[in-house]
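The working numbering puts the last residue of the sequence shown at 1756; the count rises by one with no breaks.
Glycine included, each C-beta is placed from N, C-alpha and C at the ideal position.
These numbers were taken from a predicted model, which means no experiment stands behind them.
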Amino acid sequence: MLFGLSMAKTVQPIACHHDESPLLQQINDDTNTQTKSTSPNIPSTKVIDEAKRYAQSCYLFPPFILHFKRFKINDKATIDELLNYSKVNCSFDLELADFRSSSIRSNDNECNLHIFVKNSLSFSFLYSNIKWTDKLGGEVFTIDRQPAIPPQLALIITNVSYKTNLNEFENDLKVRYENIAKFIHLKNRNQFDTKLVEVEFSSSKTCDDVLINGSIMVNYIKYDVKEFLPVATILICSNCMGLGHFRKQCKQSDITSKICGKRYQDPNKHCCQGMVKCIHCGGDHNSNDLKCKVIKQYRANLTSTLLSSSSSSRTFDKHLKSWSDFPPLP
């Protein structure tokens, strides 16, 4: 996995460029690359639409959480009022992907309303532009904390010299762009500095404008910028250990052991003989180990596919997922 560490938290950037630090690896631009496996019997590891949809599901925007001092609210009426308020008072057509009320992690006789936006414009609006009304649905509410800035509103500044004064760098950025929410100097897994800086914006328009321009000026120096995306989530079938599909779509009737790689029909009659062997590369690790070179290459191909799509059309805003594509969490 490709890691970049800030001083306070772990982030996981992917950018299509070279860097001499161990943080990033160059990703193959060929989105049709098929990862090779040592076994002819396992399913194809070609990146398919199902794998891309699953990976994109991790890019759904974090919810805005409204806290009500009431055990139950009319969430539909509350949302309708919010949509109407946004349109009439703020001249903004708020687009939502979903909403739900929940009493989990709330005190007795209280509840939360989780609001999921559909795109970065709507996220920016609720994050910084809206002037919240005192009541929704006739009930007083509060917003305990703002959600984290999603990857869609972040970018990577590349080739920032190790000799750069980062305090001056950050101050000049914030003078030029007042809606910068966070500035993070990325470090690699060994806590060494890199030449990468992550910048998070509260405005989708500002972030998009910088990305479209392809560069940013800081202290009279021009730096290239790249879109920020987390490492793609990989879908591994628990039945055949193949990549890119769910167990319920698996065409293999037998079960493949993730430890020894052998097939069996009755779990009660199968016993691994102590030899650990990956079905993908033949190495001495489990077949679902993310350190496997075949799985790592598959993830790189998948990420490359997502990057290729998003660079031309901002996929994560326009190619919207349907919540019905994935089962609800237990």
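Neighbourhood of residue 1573 by C-beta distance below 7 angstroms, restricted to the same chain and skipping five residues each side: 1488, 1489, 1490
Extent of the continuous alpha helix (DSSP H) run through residue 1559: Taken as a continuous stretch (DSSP letters only), residue 1559 belongs to no alpha helix (DSSP H), as it is neither H nor E.
Exposure label - residue 1664; buried when at least 16 CB within 10 Å: exposed
Straight-line gap, residue 1597 to residue 1635 (C-alpha atoms, nearest Å): 20 angstroms
Residue environment, residue 1580, which counts as buried when at least 16 other CB atoms sit within 10 Å: buried
Proximity below 8 angstroms, CB of residue 1527 to CB of residue 1501: yes
Whole-angstrom distance between residue 1719 and residue 1604, CA atom to CA atom: 43 angstroms
Same chain only: Cβ atoms within 6 angstroms of residue 1671, ignoring 5 sequence neighbours per side: 1476, 1663
Unbroken alpha helix (DSSP H) run spanning residue 1516, endpoints: 1501-1516
Residue interval of the beta strand (DSSP E) (run including residue 1652): 1647-1653
Where residue 1613 sits in the DSSP three-state scheme: strand
Distance between residue 1611 and residue 1681 (C-alpha atoms, nearest Å): 45 angstroms
Residue 1703 - DSSP class collapsed to helix/strand/coil: coil
Inter-residue CB distance, residue 1567 and residue 1492 (contact presumed, cutoff 8 angstroms): 5 angstroms
Identity of the residue in 1576, 1537, 1532 nearest residue 1625 by Cα: 1576
Pairwise C-alpha distance: residue 1512 and residue 1519: 7 angstroms
Nearest-angstrom Cα separation, counted from residue 1582 out to residue 1776: Residue 1776 lies beyond the residue range present for the chain, which begins at 1427 and ends at 1756; the question has no answer from this structure.
Between the CA atoms of residue 1725 and residue 1370 - distance to the nearest angstrom: Summary: the structure shown does not reach residue 1370, with the chain confined to residues 1427 through 1756, and so no result is reported for it.
Bounding residues of the beta strand (DSSP E) (the contiguous stretch that carries residue 1630): Here residue 1630 belongs to no beta strand (DSSP E); instead the alpha helix (DSSP H) covers 1630-1639.
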